[in-house]
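In what follows, a single structure is set out as structure tokens and then discussed.
Here you go:
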């Protein structure tokens, strides 16, 4: 009794021999080597898949909590920085706008002040 795998290997060996790739022992050697290589490759792929499926997170819950706290602190600092920057920009904009309006008022002369 032969398994389906044995029959497949035997047919590959016969095909190689019929195509003139060498003697029967050489064809058997080629088929067995290619079979072993493909099995090794499949084993390697299976092992890699198992390794990938394993959880990669090895950090402890304490580390995670510390990381979250650190990120919150950074976000708070960033929010404060943005708020301060916006306030400074607004103050500068208002100051510039006032200066422009004042300079226009000074340049604008009334009709009765034409001699000044």
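Numbering (UniProt numbering), first residue to last: 1 to 116. Beta carbons: idealized from backbone N, C-alpha and C, even for Gly. If you're wondering where the values come from, they're calculated on a predicted model, not measured in any experiment.
8 Å Cβ shell around residue i - same chain, five flanking residues per side excluded
| i | result |
| --- | --- |
| residue 16 | 22, 27, 30 and 31 |
Whole-angstrom distance between residue j and residue i, CA atom to CA atom
| i | j | result |
| --- | --- | --- |
| residue 99 | residue 107 | 12 Å |
| residue 14 | residue 1 | 19 Å |
| residue 11 | residue 64 | 58 Å |
| residue 60 | residue 82 | 33 Å |
| residue 72 | residue 78 | 10 Å |
| residue 101 | residue 93 | 12 Å |
| residue 103 | residue 90 | 20 Å |
| residue 33 | residue 75 | 60 Å |
| residue 88 | residue 70 | 27 Å |
| residue 105 | residue 66 | 59 Å |
| residue 20 | residue 6 | 21 Å |
| residue 80 | residue 86 | 10 Å |
| residue 97 | residue 68 | 43 Å |
| residue 84 | residue 62 | 33 Å |
| residue 24 | residue 4 | 20 Å |
Span of the alpha helix (DSSP H) around residue i
| i | result |
| --- | --- |
| residue 85 | 61–107 |
| residue 21 | Taken as a continuous stretch (DSSP letters only), residue 21 belongs to no alpha helix (DSSP H), as it is neither H nor E. |
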